[in-house]
Each structure stands twice: as C-alpha cells, then as structure tokens.
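Engineer: Protein chains in written order, with my numbering: chain A, 33 to 118; chain B, 213 to 652. My questions will all concern the structure given below.
Here you go:
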C-alpha cells in the first residue's frame, strides 16, 4: 500500500484544524445573506454567529469549511482557538 | 410610563436599532413601521437570490419567532407625515402613532430612469425583494435584457439576469466600468470576466429612449442610433435617500437627512440612521452618505443608545465593502478614486462617498494573473486599498488603514519595488499586530 503524501498532508492539516481551530466571522464584512447557513451540511445557523460576531462554538461544527469557502464576502476564516477556550 | 420608541423602516438600520433598544430598555414599547410587506431581509443578498445561489426563504435573517421574541409592535403601513410638535407619526391608513423618540430609517431607493420610456412595462430597478421576484419572473420568459448603470448593483443585475438564462447587453456611458473607484486595469479585469461569461458590453452607449409597444418595452435606442431589441431594461444609475417624510416635517436635509454624529436630526427627538442619514463626522467636519450594510447597522445601534438617553456617536471607520465583481472577490477600503462616474446620477448602492475623497497619492500596484492589490499611500499612512482575487491581504490592510498605522518604515521600500508589496505588507502587518497587542 502506498501512502498518498498529499492526502496525508491534507488529513494532518484537517486534524489540526479540528483539534485547535474554529470558524471565526468578521461582522463588518457580513451582509446576512445566509449563504453560509444554507450550505452548512449539519444545518448550523452560521449567519446568526456572524451577526453576533462570535466564533462558531457549536460542538457539532465539523470545520468542513463549506461556509468559509462559499461566503461571497470573505466573512469567515479558520482561526486558532484562544488558549483555554473550546 | 414606559417610553414609546417608533422606528420607520425595517431595513438593517431599523432592526439593529430595535434590537439595541430592546436590550437597553426591556420594558419600552418599540414600534416598527414598514411599507415593505416582506419586513426585514438581506438587501445585499438579493444579488445572490437573483443569481440562484440561495432560495428566497434564506434571505430572512430572523424567523417570525425571533422577531416576536423581541416584543416589537409591527405596523405595515406607509408613514406619511410627522407632527413634530405633537410627537406623532401619521400613517396612510389614517392611524396616528405617538412617539417619545422617533428614528427615521427609510433607506434609499433606486434613482428613476433618466430617459424617455422609463415607465414602460419591462423597465426595472432593484430595491426590494418584490422587485427581485418580479424581475426573475419576467426573466424566465424573456430572451434579451439591457442593463444600464454602474457600481455593484448594475453588475449584480447583469450577472443575475445572465444566470436566469437571458442574453444580457450591458451599456456603459463611458470607456470603462466604475471609473471613479477602479483603475483602468481593474475595470478591464471585470469587463473581461463579464465578456467571458457571455455578457455583451457596449461602450460610450447612452440610452436615447426606451421604445415600447402598447406600453410594453420592445427595444432600447442609444444616442449613437443603435437599436437593441429587449424585453427587460434594468436600470442601476444610483440611489436616492427617501427624504419625503423628513422634508415635509421640516427636518434639515441636504442630500440625506442631516444628523450630528449621534444621529440626531435638527428636529427634537427625531433621529435618522442608515442609507437615509447624512451623518456628520466630528473628525473630518464633513457629512457624507453611505449605502453600506455594516454602516447602516452601526448607525442603528448608535441611534438606539442615543434614543435611550446615552448619546453615542457613530464612529466612522475606513469604509469597506467586500463584494464579487464579476465573480472576482473584491475588497474596497478607504479612499481610492476621485471625481464622478458618468454611469451614475447619484450614489450607488454598496457605495461610500469617502471612496472618492482620495488626495493625490502614490499608487503602488502588485498584481499577477487574476490577483491584484492596489494601495494608496499617504505621507505616513495607507489611505486606501483595493484587493481583487486573493483576499489574504484584505484584513491586514483594513486594520492598518482603519488604525491609520504609521507605515513610514516600509514606505520607501513599497515605492521602490512593486513586486515586494505583498511581502512587505504581510510582514509589516504581522509586526504591527504584535506590537499593538503588547501595548494593549
């Protein structure tokens, strides 16, 4: 069996994001269009977090990146969690 | 007795104010008067609805239950007159509501077509969800559309109609798109993208008249004699604040309703917020209009605080808009261009007058194939930036511009080497953030 280096790197990066990162909105960019919530595979209301300017703290968040990638205004980014916070 | 707060308008300024009022005054009576039967929805989201990215129901950020939980009294009616001395608002249906504090957040509407035939069936402007639905309905049975105007809304209309399967002709009055904010190369990038999509751009094309048959649009004639058969003519030549209510009440107006930095108008107990408000900036001494969603929201929050007896200035930050220009992610920050845009008769939606307040500055450009960063350098600060494509630098640049960070250490290097701009900004910004964090 060969190891696909790209896949391994991707998985390691994802693992790191899952373990230490979350999705963080920048409200000043957001126009509440709802594309983020519409594309969340588990139906989180990402838009509501963006309105409040809070990181997506729901433990069900997969950090799959759908909302990050699809937001037309670059509102959402992956960011490391602040120390001691989950 | 509990205070009576009345808000005219259910856009983001009105709703942000209502939310903030409820948080500050749990027992107060808060009434929202709106003409729009659809209430509060994402006006900028209409572009994505037109383009098919989201369904209609996604446009509503608040469920009925969430709005009910705010305990607002919702009045769907047109506010026709303010009795300033009597502290009452009269409605078109004959009712009259008393207020202690009144917030006018009536927004802006698209400027009316400035050519003959503008009233034909088939001529559209885009203000409301109802407009967007009528446009989609019409597009589904139309073959050709003409879009005229500039700014973000014109592009949204062109691309939205194209997404509906309509052949789109985009008429520009001048030689290029959005000439007073974008530079020639940026305009070119957007125009190339539109052409690749199959949108036909006509330059130096001014509408002579819209031609109709039995009241229905059949073609557009340009000044140069060209005739373009079409069933839809979408017009985005700017917006005008809805000033009627303020004007008849004798509230001081200029291009918008004039307010101080705390959103108070010239009339006692009447405030204004959002696209309708021309807010005085204590720092620059000027009063300007913005048609930006985050600005309107911030106005609403500051106005609510002022209404509850805690006068709070709206703090203008570097105006920023992030948008897709022909599918290219674009962030516009601070002062970039100057002068006027001949495609517009008034301020565009998603626009800020401050973007055209640029003093002559050095322009440094870094670009590769589709990504482009333009930075306007003042003597010691970055005064504006436009980031197209890769958005990595848009946040650091916004921070540096908003904070008026002193960039003298890298200024000469920025001017000396175009190719080093990205790296210079990225490392300077990282260093600046670190020292900023240490100081705070």
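Cβ atoms here follow ideal geometry from the backbone N, Cα and C, with glycine treated the same way. All values derive from a computational prediction rather than experimental measurement.
For residue 336 of chain B, which three-state DSSP category applies?
Structural biologist: Residue mapping note: residue 336 of chain B aligns to position 124 of the second chain, counting from 1. Strand at residue 336 of chain B.
Engineer: Taking Cβ positions only, does residue 644 of chain B come closer than 9 Å to chain E?
Structural biologist: Checking the listed chains, one finds no chain E in this structure; the protein chains it contains are A and B.
Engineer: May I ask you to report which of helix, strand or coil DSSP gives residue 362 of chain B?
Structural biologist: For this step, residue 362 of chain B is matched to residue 150 along the second chain. Coil at residue 362 of chain B, not helix or strand.
Engineer: Quick one: using the 10 Å Cβ neighbour count with 16 as the cut-off for buried, is residue 340 of chain B buried or exposed?
Structural biologist: In the second chain, counting from the first residue as 1, residue 340 of chain B sits at position 128. Residue 340 of chain B comes out buried.
Engineer: For the beta strand (DSSP E) holding residue 74 of chain A, just list the boundary residues, first then last.
Structural biologist: Here residue 74 of chain A corresponds to residue number 42 of the first chain, with the count starting at 1. Residue 74 of chain A -> no beta strand (DSSP E), and no H or E assigned at all.
Engineer: Span of the alpha helix (DSSP H) holding residue 278 of chain B?
Structural biologist: Taking the second chain and counting its residues from 1, the one referred to as residue 278 of chain B is at position 66. 276-281 is the extent of the alpha helix (DSSP H) around residue 278 of chain B.
Engineer: Using a 10 Å radius around the Cβ and a threshold of 16 neighbouring Cβ atoms, would you call residue 648 of chain B buried or exposed?
Structural biologist: Residue numbering aside, residue 648 of chain B sits at position 436 when the second chain is read from its first letter. By the neighbour-count rule (16 or more Cβ atoms within 10 Å), residue 648 of chain B is not buried but exposed.
Engineer: Measure the C-alpha to C-alpha separation of residue 308 of chain B and residue 337 of chain B and round it to an integer number of angstroms.
Structural biologist: Residue 308 of chain B sits at position 96 when you count from the first residue of the second chain. Residue 337 of chain B sits at position 125 when you count from the first residue of the second chain. Going by the C-alpha atoms only, they are around 31 Å apart.
Engineer: Using a Cβ-Cβ cutoff of less than 6 Å, which residues in the same chain neighbour residue 375 of chain B once the five nearest sequence positions on both sides are dropped?
Structural biologist: As a working mapping, residue 375 of chain B is identified with position 163 in the second chain. If we look at residue 375 of chain B and ignore the five residues flanking it on each side, its Cβ neighbours are 263 and 264.
Engineer: What residue range is occupied by the uninterrupted beta strand (DSSP E) comprising residue 241 of chain B?
Structural biologist: Translated into the one-based positions of the second chain, residue 241 of chain B becomes position 29. From DSSP, the beta strand (DSSP E) with residue 241 of chain B extends over 241-246.
Engineer: So residue 618 of chain B and residue 449 of chain B are in contact, right, with Cβ under 8 Å, and what is the actual spacing, rounded?
Structural biologist: The residue you call residue 618 of chain B lines up with position 406 of the second chain. The residue you call residue 449 of chain B lines up with position 237 of the second chain. At roughly 40 Å, the Cβ-Cβ gap does not stay under 8 Å, so residue 618 of chain B and residue 449 of chain B are not in contact.
Engineer: Run through DSSP, which three-state label would residue 416 of chain B get?
Structural biologist: One-based indexing of the second chain puts residue 416 of chain B at position 204. Note: residue 416 of chain B maps to coil in three-state DSSP.
Engineer: Does the stretch 316-334 of chain B come into contact with the stretch 410-426 of chain B, if we say contact requires no fewer than three beta-carbon pairs (one atom in each stretch) closer than 8 Å?
Structural biologist: Yes, the stretch 316-334 of chain B touches the stretch 410-426 of chain B.
Engineer: What's the C-alpha gap between residue 506 of chain B and residue 356 of chain B?
Structural biologist: As a first step, residue 506 of chain B must be located in the second chain, where it is residue number 294. As a first step, residue 356 of chain B must be located in the second chain, where it is residue number 144. Answer to the nearest angstrom: the Cα atoms are 35 Å apart.
Engineer: Going along chain A in order, which residues have a C-beta closer than 8 Å to the C-beta of residue 600 of chain B?
Structural biologist: Within the second chain, the letter at position 388 stands for residue 600 of chain B. The premise fails here: residue 600 of chain B is roughly 12 Å from chain A at the closest Cβ pair, so nothing lies under 8 Å.
Engineer: Could you say if the stretch 411-420 of chain B and the stretch 296-306 of chain B meet the contact criterion of at least three C-beta pairs nearer than 8 Å?
Structural biologist: Contact fails between the stretch 411-420 of chain B and the stretch 296-306 of chain B, because fewer than three Cβ pairs, one in each stretch, are under 8 Å apart.
Engineer: Pick helix, strand or coil for residue 322 of chain B, following the three-state DSSP scheme.
Structural biologist: The residue you call residue 322 of chain B lines up with position 110 of the second chain. Residue 322 of chain B sits in a strand when the DSSP states are folded into three classes.
Engineer: Between the Cα of residue 65 of chain A and the Cα atoms of B/548, B/232 and B/266, which residue gives the shortest distance?
Structural biologist: Here residue 65 of chain A refers to the residue found at position 33 of the first chain. It is B/266 whose Cα lies nearest to the Cα of residue 65 of chain A.
Engineer: Does any residue of chain A bring its CB to less than 9 Å from the CB of residue 505 of chain B?
Structural biologist: Here the question's residue 505 of chain B lines up with position 293 in the second chain. Cβ-Cβ to chain A under 9 Å: yes for residue 505 of chain B.
Engineer: Just curious, the alpha helix (DSSP H) that residue 434 of chain B is in, first and last residue?
Structural biologist: Your numbering for residue 434 of chain B matches position 222 in the second chain. Here residue 434 of chain B belongs to no alpha helix (DSSP H); instead the beta strand (DSSP E) covers 428-434.
Engineer: If I follow the unbroken alpha helix (DSSP H) through residue 399 of chain B, where does it start and stop?
Structural biologist: As a first step, residue 399 of chain B is located in the second chain; it is residue number 187 there, counting from the start. Residues 396-409.
Engineer: Should residue 535 of chain B be flagged as near chain A, meaning a C-beta pair shorter than 9 Å?
Structural biologist: In the second chain, counting from the first residue as 1, residue 535 of chain B sits at position 323. Residue 535 of chain B counts as touching chain A.
Engineer: Under 7 Å between beta-carbons, which chain B residues line up against residue 81 of chain A? List them in chain order, please.
Structural biologist: Stepping through the first chain from its first residue, residue 81 of chain A is reached at position 49. Going along chain B, no residue has its Cβ under 7 Å from residue 81 of chain A, so there is no contact; the nearest lies around 12 Å.
Engineer: Specify whether the stretch 89-102 of chain A and the stretch 246-264 of chain B touch according to this definition: at least 3 beta carbon pairs, one from each stretch, less than 8 Å apart.
Structural biologist: no
Engineer: With three or more C-beta pairs closer than 8 Å as the rule, is the stretch 483-493 of chain B touching the stretch 282-293 of chain B?
Structural biologist: no
Engineer: Tell me the DSSP secondary structure of residue 308 of chain B in three-state form.
Structural biologist: The residue given as residue 308 of chain B occupies position 96 in the second chain. Residue 308 of chain B falls in the strand class under three-state DSSP.
Engineer: So which residues of chain A does residue 273 of chain B contact, with C-beta pairs closer than 8 Å?
Structural biologist: For the purposes of this step, residue 273 of chain B is taken as residue 61 along the second chain, with counting starting at 1. The contacting residues are 64, 66, 79, 80 and 83.
Engineer: Is it true that the CB of residue 588 of chain B sits closer than 9 Å to the CB of residue 601 of chain B?
Structural biologist: As a working mapping, residue 601 of chain B is identified with position 389 in the second chain. As a working mapping, residue 588 of chain B is identified with position 376 in the second chain. No, the pair does not count as a contact, with Cβ atoms beyond the cut-off.
Engineer: Among the candidates B/261, B/259, B/258 and B/272, whose CA atom is the shortest distance from the CA of residue 83 of chain A?
Structural biologist: Your numbering for residue 83 of chain A matches position 51 in the first chain. Ranking the options by Cα distance to residue 83 of chain A, first place goes to B/272.
Engineer: Using DSSP with H/G/I as helix, E/B as strand and the rest coil, what is residue 631 of chain B?
Structural biologist: Reading the second chain from its first residue, position 419 is the one you call residue 631 of chain B. The answer is helix: DSSP assigns residue 631 of chain B an H, G or I state.
Engineer: Considering only C-alpha positions, which residue in the set B/219, B/632, B/310 and B/494 is nearest to residue 284 of chain B?
Structural biologist: For the purposes of this step, residue 284 of chain B is taken as the residue at position 72 of the second chain. Here the closest residue by C-alpha is B/219.
Engineer: Rank B/429, B/635 and B/310 by C-alpha distance to the C-alpha of residue 441 of chain B and give the top, closest one.
Structural biologist: Position 229 of the second chain holds residue 441 of chain B. Residue 441 of chain B has its Cα closest to that of B/429, out of B/429, B/635 and B/310.
Engineer: Below 9 Å on C-beta distance, what does residue 106 of chain A contact in chain B?
Structural biologist: Within the first chain, numbered from 1, the residue matching residue 106 of chain A stands at position 74. Those are 534, 541, 543, 603, 606 and 607, listed as they occur along chain B.
Engineer: Measuring CB to CB, does residue 384 of chain B end up less than 9 Å from residue 417 of chain B?
Structural biologist: Position 172 of the second chain, counting from 1, holds the residue named residue 384 of chain B. Position 205 of the second chain, counting from 1, holds the residue named residue 417 of chain B. In this structure, residue 417 of chain B lies closer than 9 Å to residue 384 of chain B by Cβ.
Engineer: List the residues of chain A that residue 266 of chain B touches, going by C-beta distances under 8 Å, in chain order.
Structural biologist: Your numbering for residue 266 of chain B matches position 54 in the second chain. Those are 65, 66, 67 and 70, listed as they occur along chain A.
Engineer: Which residue comes first and which comes last in the alpha helix (DSSP H) that contains residue 609 of chain B?
Structural biologist: Residue 609 of chain B sits at position 397 when you count from the first residue of the second chain. Note, residue 609 of chain B: alpha helix (DSSP H), 606-614.
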